[in-house]
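In the numbering used here, the protein residues as written are 5 to 176.
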């Protein structure tokens, strides 16, 4: 059994006459762009995202820096601090990014596309989760294609009796 888990980020919804469209906020986009520095560093990031998603984070960050750099000394300082791992700098970046996204719809769309592509690159496979039983016997086989993938055979399992797992995990 495979599950894809995506990152939980704040969302803003716009409603049109036809369908509701969910988009990433400026804050969510800033978090994705600077996640490599803020959250955990490259090693932890490589466990949670494909190489393609991490490359897109870098692209997103470069686009944001190119657009915001030189707007004000405070913004420039926030950009530097964010690349040094200071998460408090993301508020300044997000506020300025939000204004730009409102003023420049094409720029906002470019960021949305990249942000959604990054979210699609976060992969987690869990064979069994949240099972409670008297006795559990399970054979779990997980195969992932592409880059590094987080694979969890079983978690949050409660068994009153025997719990026997045979787990085979491969990354092709």
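Built from N, CA and C at the ideal position, the CB exists for glycine as well. What you are looking at is a predicted structure, and each value in this text was computed from that prediction instead of being measured.
Pairwise C-beta distances place the stretch 34 to 42 in contact with the stretch 58 to 75, as three or more of them are shorter than 8 Å. Contact between residue 49 and residue 56 does not hold, since the beta-carbon distance rounds to 13 Å and is not under 8 Å. Per DSSP, the beta bridge partners of residue 136 are 162. In this structure, 100 is the residue among 142, 162, 100 with its C-alpha nearest to the C-alpha of residue 74.
Rounded to the nearest angstrom, the Cβ distance from residue 42 to residue 119 is 15 Å, too far for a contact under 8 Å. For the pair residue 92 and residue 79, the CB atoms are not nearer than the 8 Å cut-off. DSSP places residue 170 in the strand class (E or B) of the three-state scheme. Residue 84 and residue 124 have their C-alpha atoms some 27 Å from each other. Beyond the five residues adjoining it in sequence on each side, residue 68 comes within less than 6 Å, by CB distance, of 37 in the same chain, given in chain order. Annotation for residue 72: 79, 100 place their beta carbon closer than 6 Å to its own, counting only its chain and skipping 5 residues before and after. In the DSSP annotation of this structure, residue 90 is not part of any alpha helix (DSSP H), being labelled neither H nor E. The beta carbon of residue 167 sits closer than 7 Å to those of 140, 161, all from its chain and outside the five residues before and after it, given in chain order. Annotation for residue 122: the continuous alpha helix (DSSP H) segment containing it runs 109 to 124. The alpha-carbon of residue 107 is positioned some 15 Å away from that of residue 116.
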